Amino acid sequence: RTNLSFLDVDQPPRIIVVTSSVQAEGKSTVTANLAVTLAAAGENVVVVDGDLRRPTLVDVFNLVPGVGVTDVLTGTAELADVLQPWGALPNLSVLGSGRIPPNPSELLGSQAMKNMLNALAENAIVLIDAPPLLPVTDAAVLSRAADGAIVVIRTGRTTQEQLAQSLGNLDKVKGRILGAVLNYVPTKGTDAYSYYGTYTSAPTSAPGPVAEAEPDLTGPFWEGPGESVQVPESVSAGRRARG
769 RTNLSFLDVD QPPRIIVVTS SVQAEGKSTV TANLAVTLAA AGENVVVVDG DLRRPTLVDV
829 FNLVPGVGVT DVLTGTAELA DVLQPWGALP NLSVLGSGRI PPNPSELLGS QAMKNMLNAL
889 AENAIVLIDA PPLLPVTDAA VLSRAADGAI VVIRTGRTTQ EQLAQSLGNL DKVKGRILGA
949 VLNYVPTKGT DAYSYYGTYT SAPTSAPGPV AEAEPDLTGP FWEGPGESVQ VPESVSAGRR
1009 ARG
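Quick note on the working numbering: the sequence shown kicks off at 769 and runs consecutively.
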């Protein structure tokens, strides 16, 4: 959160894509964590499920599935009618994916999508939970309508080759890389400090949840214990490491 506020003092990012290289790196959990942290600090936040292929955010936040992004873009629903406030923080709202369409990339790259994001950004920071960069082009397409992207890297899973290719995909569309979240960092055991040289060393055991921890935003990577900063249990119990 602190790093985001210092990225551009005169014009801080308002529309942010959160993505990863491949599936199961915890990007949806990180998106939810960041949203809760920003909202708890007093920011108005809207979380958008930009994964129109495998949506998870409504489930992560324990909200009602149904209409969402695709319905707004196709004109069958009004934006104000499909935003779902999250009860624990009244300044945090979630926009689900809506019906899964046959043409996700086309919808995400449409002018209607840009208009919707810009409308949301007038009054809130917009966090978009996007698909991973390597299997599909959706996240790269979304980055063109955003102020930048955060890339989630899972310790012990993401390879340097995958990360290089992912960053290259963003660079091809002139997407701005705001930073990276190094996820699943071991806090105990022999691997607890080894990740500084490589993020492909797998931890010997999964670290336990740290319910009130905040991420360390001081290094080249935004390092977090276990799964980065933890969403309150009412959001994340039984739903960790989505995306």
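We put the beta carbon where it would ideally sit given N, CA and C, even for glycine.
Remember, it's a predicted structure, so these values are computed and weren't measured experimentally.
- Assignment of alpha helix (DSSP H) within the segment 823-859, counting only whole runs of 4 or more residues, yields 825-828, 837-841 and 847-850 in chain order.
- Following the DSSP letters along the chain, one finds L946 inside the beta strand (DSSP E) bounded by residues I945 to V953.
- A distance below 7 Å between beta-carbons, with the five flanking residues on each side excluded, links S789 to the following residues of its chain, in chain order: P900, L901, L902, T926, Q930, L931 and S934.
- Residues V786, L895 and D897 of the same chain have their beta carbon placed closer than 6 Å to that of T799, with the five preceding and five following residues left out of the count.
- Pairing V904 with P858, the inter-Cα distance amounts to about 34 Å.
- Restricting attention to R782, L950, R912 and G924, the CA atom closest to the CA of E811 is found in R782.
- Among the bridge pairs identified by DSSP, G794 is matched with none.
- In the DSSP secondary-structure assignment, A917 is bridged to V785 and I945.
- Fewer than three pairs of CB atoms, one per stretch, sit closer than 8 Å, so the segment 944-955 makes no contact with the segment 825-832.
- The Cβ neighbour count for R821, taken over all protein chains shown within 10 Å, is under 16; the residue is labelled exposed.
- Contact check for L876 and L910: beta-carbon distance about 5 Å, within the 8 Å limit, so the pair qualifies.
- P853 sits close to S861, with the two beta carbons spaced by under 7 Å.
- M881 and D849 have their alpha carbons spaced roughly 16 Å apart.
- In this structure, DSSP gives L910 a helical state, which the three-state scheme calls helix.
- DSSP, reduced to helix, strand and coil, places S861 within a strand of the structure shown.
- In this model, V837 and P954 are separated by some 36 Å (Cα to Cα).
- G834 is classed as exposed because its beta carbon has fewer than 16 other beta carbons within 10 Å across all chains shown.
- Contact between D906 and S878 is absent: CB atoms are separated by about 12 Å, not below the 8 Å threshold.
- Burial check for A792: the Cβ neighbour count within 10 Å stays below 16, so the residue is exposed.
- Nearest to I921 by alpha-carbon distance, out of S796, I893 and E890, is S796.
- Under the DSSP assignment, L895 falls in the beta strand (DSSP E) whose first and last residues are I893 to D897.
- DSSP places D817 in the uninterrupted beta strand (DSSP E) bounded by V813 to D817.
- Around the Cβ of A809, a 10 Å sphere holds fewer than 16 other Cβ atoms; the residue is exposed.
- Following the DSSP letters along the chain, one finds A880 inside the alpha helix (DSSP H) bounded by residues Q879 to A889.
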